[in-house]
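Participant:
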Amino acid sequence: MLRYIYGNELADYPILQDTMHRDRAVQFSERLNWAVTIAENGWERDEYDQLNPLYVIWQNLDGTHGGSMRFLPTTEQTMVSDHFSELLNGQEICSPFIWECTRYCLGQQSNSRVAAAMMLAGGELMRAFSLTHLLGVFDPRMVRIYSMIGASPEVIGSAGEGRDMISVGLWAYRPEDREKVLRKAGLSSEISEHWFSRSFGRPVQEMQQVA
Amino acid sequence: MIVLELDQFLKTLEQADALEQIQELIFGLRNHFQVDHLVYHWVSRDGEQYGCGTYDPVWVQRYVDKEYLRIDPVVQGCFQRFDPVDWKRLDWSTKAAREFREDAIAHGVGNQGFSIPIRGPSGQLALFTASHSTDDETWAEFMATHQRDWILIAHYLNQKALDLEKARTPEPVRTLSPRECDALTYLGMGYSRGQVADLLSISEHTLRAYIESARFKLGAFNTTHAVARAVSEGLIVIGGSARAAAGGWPGRETE
């Protein structure tokens, strides 16, 4: 199931929190060899986790982490503006309608359905809060996964070669993508709405801007 | 009754040099949206508050006197978040919260509310709130219709409030990035979005991100306004001839 959790509420889900930070350590340190910091307890955490971001987390049936990503509004301090502005030739994107999406991580047992469910969640956030885009940081493996789900971002800047490449890209909100992503995730629209309203206390369609 | 259209509101907001002027502006804006109340509420990390808006001054004083800040589920619930909040989804279950709500309704706040939290520098929290007396269905439609405008208003009001805050160290002025300048320049020259995307070799979806970002940095509501502001601030040069000219023009170093 999908959960939308702010950082300050994460400790209410100790198993989820623990396994998310451990899976992040595996993905970003072991697999990708990024220069991330691993704490003594095996957690990968960085300064942006301290800014009370909004996490979207896929929770496995046993309560553990299956996948996650982390959101911050681009009107505040973000990883992209702090660390990737060079890669973007000085483009600094700043809008309340564009949220940054970083630390997109998949659990070791997770399949493409989980990846699709997470993309679905990104879409639900865009739909609910009038967002026009998500601004993401990702590695080449994720590019393949995104493309498989049918939700490829437009890359606006990259650095490095081959496996070591890191990219920044934009996902635009396209209402028509929702059906496709729901199918790939094997989820119904109703269940996605339900998960969203359980976290945010109201149905997503209520918040959707009348076009 | 003064009704302020959004562009008038912005124009006047830009020129405001005292917080009292914002108070008047909010009345005009309230009448534009035909909502019972609009309120901007600033809370600093140490609990200092500042507000302006259309609430009955009796209610505002009562809020301060009774230290409702510590009870108010809107402030407590929005703190640390950045997603817009329908008051219905907050926790009103405690006795103190229920009594607060009754008191608020008795003072004409309304039974519905929608607040946009903004997390400013140094732990500042600002809320821009619309409140009204109506049924759930009408309110849901109302929120959906105006969410986008209210989010922008919230940010622009907070930016102004921060600018006017004396003790604050001024933020560096946001400059437009090269892509944002190019996008606004071409749009200002009359090219369509499709043509501009082609010229910049990006998709129209991505172009929109640059336009959104430029618009926000310029404090504008729409693209036309953003172009006008960029020109008046000297951030872009339109008038084609100058830009397209092969040679230099007065004041420009030839490369």
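So the protein sequences, as listed, match chains A and B. Everything in the first sequence is counted per the numbering used here, starting at 1 for the first residue and increasing by one. Everything in the second sequence is counted per the numbering used here, starting at 212 for the first residue and increasing by one. Note that the Cβ used here is the ideal one computed from N, Cα and C, for glycine as well. For clarity, every value in this text was computed on a predicted model and none was experimentally measured.
#1: Could you check whether the Cβ of P268(B) sits closer than 9 Å to any Cβ belonging to chain A?
#2: Looking only at DSSP bridge pairs, what is E241(A) linked to?
#3: If the cut is a Cβ gap below 9 Å, which residues of chain B does A172(A) touch?
#4: Would you say T74(A) reaches chain B, if we count a Cβ-Cβ gap shorter than 9 Å as a contact?
#5: Going by CA-CA distance only, name the one from D374(B), Y367(B), V246(B), L221(B) that's closest to G321(B).
#6: Under three-state DSSP, which class holds A39(A)?
#7: To which residues of the same chain is R292(B) closer than 7 Å at the C-beta, ignoring the five residues directly before and after it?
#8: Work out the CA separation of L215(B) and R404(B) for me, nearest whole Å.
#9: Report yes if the C-beta distance between W43(A) and R70(A) is below 9 Å; otherwise report no.
#10: Which term fits W34(A), buried or exposed, when burial requires 16 or more other beta carbons within 10 angstroms of its beta carbon?
#11: Does G136(A) get closer than 9 Å to chain B when you measure Cβ to Cβ?
#12: What residues from chain A crowd round S388(B), counting only those whose CB sits closer than 7 Å?
#13: So what's D297(B) in DSSP terms, helix, strand or just coil?
#14: Does the pairing of the region 54-64 of chain A with the region 74-81 of chain A give three or more beta-carbon distances under 8 Å?
#15: Considering only their Cβ atoms, is the gap separating L120(A) from L16(A) smaller than 9 Å?
#16: Run down chain B in chain order and give the residues with a C-beta less than 7 Å from the C-beta of E193(A).
#17: Any C-beta of chain D within less than 7 Å: which residues of the region 100-119 of chain A qualify?
#18: Check distances from the C-beta atoms of the region 299-328 of chain B to those of chain A and list, in chain order, the residues that come in under 8 Å.
#19: Give the DSSP-derived three-state secondary structure of Q17(A) in the structure shown.
#20: Near A115(A), which residues of its chain fall below 7 Å by C-beta distance, leaving aside the five closest residues on each side in sequence?
#21: Using 8 Å as the threshold, is the region 97-104 of chain A in touch with the region 127-134 of chain A, meaning 3 or more CB pairs across them?
#22: For chain B, find out if any of its Cβ atoms is closer than 9 Å to the Cβ of S189(A); answer yes or no.
#23: In this structure, how does DSSP classify L363(B) when only helix, strand and coil are distinguished?
#24: Residues in its own chain within less than 7 Å of Y279(B) by CB, not counting five upstream and five downstream?
#25: May I ask you to report which of helix, strand or coil DSSP gives T265(B)?
#26: Is L338(B) near V286(B), with beta carbons less than 9 Å apart?
#27: Can you list, in chain order, the residues of the region 363-375 of chain B whose Cβ is nearer than 9 Å to any Cβ on chain A?
#28: Identify every residue that forms a DSSP beta bridge with V56(A).
#29: May I have the straight-line CA-CA distance separating T386(B) from T75(A), to the nearest angstrom?
#30: Leaving out five residues before and five after D186(B) in sequence, what residues of the same chain have Cβ atoms less than 7 Å from its Cβ?
#31: Based on Cα-Cα distance, which residue from Q335(B), Q406(B), F353(B), H357(B) lies nearest to N369(B)?
#32: Output, in chain order, the set of chain A residues within a Cβ distance shorter than 9 Å of K428(B).
#33: Would you decide whether S189(A) is buried or exposed? Buried here means 16 or more other CB atoms lie within 10 Å of its CB.
#34: Of the residues that make up the region 33-60 of chain A, which ones have a beta carbon closer than 8 Å to any beta carbon in chain B?
#35: Using a cut-off of 8 Å between C-beta atoms, extract the partners of I98(A) located in chain B.
#36: Do V269(B) and T340(B) have their C-beta atoms within less than 9 Å of each other?
Facilitator: On the basis of the data shown:
#1: Your numbering for residue 268(B) matches position 57 in the second sequence. Judged by the 9 Å Cβ criterion, P268(B) is not in contact with chain A.
#2: What is shown of chain A runs 1 to 211, which leaves residue 241(A) out entirely.
#3: One-based indexing of the first sequence puts residue 172(A) at position 172. Close to A172(A), with beta-carbon spacing below 9 Å, are these residues of chain B in chain order: S414, E415, H416, T417, R419, A420.
#4: One-based indexing of the first sequence puts residue 74(A) at position 74. Yes - at least one Cβ of chain B is within 9 Å of the one on T74(A).
#5: As a first step, residue 321(B) must be located in the second sequence, where it is residue number 110. Nearest option by C-alpha distance: V246(B).
#6: Here residue 39(A) is taken as the residue at index 39 of the first sequence, counted from 1. The answer is coil: DSSP assigns A39(A) none of H, G, I, E or B.
#7: Here residue 292(B) corresponds to residue number 81 of the second sequence, with the count starting at 1. Correct list, in chain order: P328.
#8: Here residue 404(B) is taken as the residue at index 193 of the second sequence, counted from 1. Here residue 215(B) is taken as the residue at index 4 of the second sequence, counted from 1. Spanning the two alpha carbons is a distance of roughly 29 Å.
#9: As a first step, residue 43(A) is located in the first sequence; it is residue number 43 there, counting from the start. As a first step, residue 70(A) is located in the first sequence; it is residue number 70 there, counting from the start. The Cβ atoms of W43(A) and R70(A) do not sit closer than 9 Å to each other.
#10: For the purposes of this step, residue 34(A) is identified with residue 34 of the first sequence, where counting begins at 1. That one is exposed.
#11: As a position in the first sequence, residue 136(A) is number 136, starting the count at 1. No - not a single Cβ of chain B is within 9 Å of the one on G136(A).
#12: Within the second sequence, numbered from 1, the residue matching residue 388(B) stands at position 177. Residues of chain A passing the Cβ test: G90, Q91, E92.
#13: Within the second sequence, residue 297(B) is the residue found at index 86, counting from 1. Three-state DSSP puts D297(B) in a strand.
#14: no
#15: Taking the first sequence and counting its residues from 1, the one referred to as residue 16(A) is at position 16. Taking the first sequence and counting its residues from 1, the one referred to as residue 120(A) is at position 120. L16(A) places its beta carbon 9 Å or farther from that of L120(A).
#16: Residue mapping note: residue 193(A) aligns to position 193 of the first sequence, counting from 1. In chain order: nothing, as chain B lies at least about 14 Å away.
#17: No chain D appears in this structure, whose protein chains are A and B.
#18: K299, R300, L301
#19: Taking the first residue of the first sequence as position 1, residue 17(A) is located at position 17. Under the three-state reduction of DSSP, Q17(A) is assigned to helix.
#20: Numbered from 1 along the first sequence, position 115 holds the residue referred to as residue 115(A). For A115(A), where only same-chain residues beyond five positions count, the Cβ hits under 7 Å are G67, L106, I145, I149.
#21: yes
#22: Numbered from 1 along the first sequence, position 189 holds the residue referred to as residue 189(A). Not an interface residue.
#23: Walking along the second sequence from the start, residue 363(B) turns up at place 152. Correct three-state label for L363(B): helix.
#24: Looking up residue 279(B) in the second sequence gives position 68. Contacts found: F311.
#25: Counting from one through the second sequence, the residue named residue 265(B) turns up at place 54. Three-state DSSP puts T265(B) in coil, outside helix and strand.
#26: Counted from its first residue, the second sequence places residue 338(B) at position 127. Counted from its first residue, the second sequence places residue 286(B) at position 75. Taking 9 Å as the Cβ cut-off, L338(B) and V286(B) qualify as a contacting pair.
#27: Across the region 363-375 of chain B, CB contacts with chain A closer than 9 Å involve L363, A365, H366, in sequence order along the chain.
#28: Along the first sequence, read from residue 1 onward, the residue named residue 56(A) stands at position 56. DSSP, once it has assigned bridges, lists Y4(A), M69(A) as partnering V56(A).
#29: Position 175 of the second sequence, counted from the start, is the residue given in the question as residue 386(B). Position 75 of the first sequence, counted from the start, is the residue given in the question as residue 75(A). A straight-line Cα-Cα distance of about 14 Å links T386(B) and T75(A).
#30: Residue 186(B) cannot be examined here, being either before or after the span of chain B that is shown, 212 to 466.
#31: Translated into positions along the second sequence, residue 369(B) becomes position 158. Per the Cα distances, Q335(B).
#32: For the purposes of this step, residue 428(B) is taken as the residue at position 217 of the second sequence. Going along chain A in sequence order, the residues near K428(B) (Cβ under 9 Å) are E92, C94, S95.
#33: In the first sequence, residue 189(A) corresponds to position 189, counting from 1. Answer is exposed; the Cβ neighbour count stays below 16.
#34: Of all residues in the region 33-60 of chain A, only N52, L54 come within less than 8 Å of chain B when Cβ atoms are compared, listed by chain position.
#35: Your numbering for residue 98(A) matches position 98 in the first sequence. The answer, in chain order, is A420, E423, S424.
#36: Along the second sequence, read from residue 1 onward, the residue named residue 269(B) stands at position 58. Along the second sequence, read from residue 1 onward, the residue named residue 340(B) stands at position 129. Their beta carbons are not under 9 Å apart, which means V269(B) does not touch T340(B) by this criterion.
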